[in-house]
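Numbering-wise (numbering that gives the first Met the number 0), the sequence shown opens with residue 0 and increments by one.
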Amino acid sequence: MESETQVKQLIYRSFVDDDTSEADIYRMIRHAQKYNIEHGLSGFLICDSKNFVQLIEGAVSQVNRLFDKIKIDERHHEVEVQYRDMSLSRIMPFLGMGLCLLNCKVDFQQDFYFTRLQAKEFSSLFEGKVGNYFRGFLA
Ligand SMILES: Cc1cc2nc3c(=O)[nH]c(=O)nc-3n(C[C@H](O)[C@H](O)[C@H](O)COP(=O)(O)O)c2cc1C
């Protein structure tokens with residue numbers, strides 16, 4: 000088990016593939032919840048129907064391993080890292096992956112699902128560059 004004194008934080012942006020639906024993303028994240036919790040990962044995924052923006056945080060080896068899979072996932076393309084740093088504390092207060100589909104009309108009711116308004120309020124708690132990046136995207 001790696002020390003939790005420092006966590007890696009990574010934000011990437013990508014383009015949603017034309018064939019990827021909101022229901023696909025929602026299903027994918029429900030599976031991801033289990034994986035992320037089991038591997039000590041936390042984060043937040045926002046999709047505005049064109050782009051994904053995701054924060055992933057956790058042990059270096061776990062973040063790298065997950066990101067290696069995400070980079071080659073065919074549900075999106077042109078994955079580009081926006082921010083990468085080490086931090087003494089996590090931004091997210093829970094393990095797993097928060098999800099917000101900005102233009103979504105379906106009422107997904109799950110603990111990890113955030114409406115646009117909830118995501119905006121929640122991101123006001125994010126500090127530093129990560130907070131600025133997320134608030135900019137949600138504005
Ligand atoms: C935008 C996006 C975000 C993703 N985020 C996660 C995630 O946080 N956790 C996760 O386990 N899989 C996530 N995935 C799915 C992974 O790319 C991959 O399909 C999953 O880890 C299963 O990989 P495996 O079949 O090789 O085990 C994401 C996929 C996409 C397109």
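Ideal Cβ positions, reconstructed from N, Cα and C, are used throughout, including at glycine.
Note that the structure is a prediction, hence the values are computed from the model and not measured.
Tell me the rounded alpha-carbon separation between residue i and residue j.
| i | j | result |
| --- | --- | --- |
| residue 133 | residue 12 | 11 Å |
| residue 96 | residue 37 | 12 Å |
| residue 62 | residue 10 | 11 Å |
Would you mind reading off the limits of the beta strand (DSSP E) that contains residue i?
| i | result |
| --- | --- |
| residue 76 | 75–86 |
| residue 42 | 41–46 |
| residue 8 | 6–15 |
With 16 as the cutoff for other CB atoms within 10 Å, does residue i come out buried or exposed?
| i | result |
| --- | --- |
| residue 116 | exposed |
| residue 108 | exposed |
| residue 90 | buried |
| residue 7 | buried |
| residue 71 | exposed |
| residue 59 | exposed |
| residue 56 | buried |
| residue 51 | buried |
Considering only the alpha carbon of each residue, which of the options lies closest to residue i?
| i | options | result |
| --- | --- | --- |
| residue 127 | 110, 137, 84 and 99 | 84 |
| residue 14 | 79, 54, 28 and 111 | 79 |
| residue 104 | 27, 32, 47 and 34 | 47 |
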